[in-house]
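Residue numbers (full-length UniProt numbering): 1 to 242.
So this is what it looks like as structure tokens:
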């Protein structure tokens with residue numbers, strides 16, 4: 001079985017589309033990967049159908065997007081099935097752009113594959129250009145776990161906007177390790193003290209560039225025990241459960 005026919009078989013089994021739609025989708029996957037573009041008119045030029053003209057291939061693509069209703073859970077299963085992963089790193093990210101007066105604000109959950117983030121699930125945020133909340137993040141984690149109950153989440157990566165007591169508490173309860181930068185003015189509980197101090201004060205002894213310090217014992221931050229480290233070349237510390 002050739003690679004093209006094998007991919008066609010997998011898509012047919014996963015997406016339950018008409019054969020003609022499956023063929024167009026497989027052609028799109030292959031040409032996007034080879035030509036590194038999402039311009040449909042350019043992709044049509046490289047469809048592997050010797051009898052078809054560029055114009056007819058372009059019309060086939062247009063009909064595909066007009067007629068096919070995507071089941072994004074099925075697409076996620078297709079991606080994970082092709083990769084054959086048994087454990088994954090997850091990445092949370094948020095992308096925002098504005099078209100006229102309309103804000104497009106999307107929370108994305110991706111997997112890490114060979115150093116590249118591949119979006120698996122996402123949800124629109126109806127809050128202008130604001131951040132996501134804990135409930136929205138948890139919904140995506142649950143969606144992933146419900147869709148792929150056999151796949152282990154090794155850890156969650158995110159940038160500094162994905163912080164918060166309830167969020168960290170959820171990840172801790174679910175035994176999901178995570179590595180997330182925190183702001184230098186975040187408050188940490190001092191051992192044997194009632195008051196708190198800025199996390200940056202714990203690393204005042206780091207003066208040179210490219211120095212790294214990690215605490216052996218976990219610190220209480222955002223109401224949760226966490227392993228904390230700091231690199232002097234960074235402006236923020238990192239918080240991680242182990």
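Think of the CB as a built atom: it goes at the ideal place given N, C-alpha and C, for glycine as much as any other residue.
- For the UniProt domain "Transposase IS4-like" (89-218), the full-length beta strand (DSSP E) segments reaching 3 residues or more read 102-113, 116-124, 152-157, 178-182, 187-189, 196-198 and 212-214 along the chain.
- Burial state of residue 94 is buried, judged by a 10 Å Cβ sphere holding 16 or more other Cβ atoms.
- Between the C-alpha atoms of residue 85 and residue 145 there is a straight-line separation of about 14 Å.
- Where residue 81 is concerned, the enclosing alpha helix (DSSP H) starts and stops at 72-83.
- By DSSP's assignment, residue 87 forms a beta bridge with 152.
- In terms of CA proximity to residue 126, 105 leads the group 187, 105 and 49.
- In its chain, beyond the 5 residues on either side, 79, 110 and 111 have a beta carbon closer than 7 Å to the beta carbon of residue 118.
- DSSP, read as helix, strand or coil, puts residue 36 in coil.
- Relative to residue 137, the option among 160, 150, 108 and 77 whose CA is nearest is 108.
- For residue 154, the closest C-alpha among the options 170, 59 and 87 is that of 87.
- By the criterion of a C-beta distance shorter than 6 Å, residue 161 is surrounded in its chain by 131, once the five residues flanking it on both sides are discounted.
- DSSP, read as helix, strand or coil, puts residue 47 in coil.
- Approximately 10 Å separates the beta-carbon atoms of residue 29 and residue 43; this is outside 8 Å, ruling out the contact.
- Taking the CA atoms as reference points, residue 184 sits about 16 Å from residue 165.
- If you draw a straight line from the Cα of residue 96 to the Cα of residue 22, it comes to about 31 Å.
- Residue 200 and residue 69 have their C-alpha atoms some 50 Å from each other.
- For residue 101, the closest of 16, 129, 38 and 67 by C-alpha to C-alpha distance is 129.
- Straight-line spacing of the CA atoms in residue 171 and residue 64 works out to 40 Å.
- A direct Cα-to-Cα measurement between residue 26 and residue 198 gives close to 53 Å.
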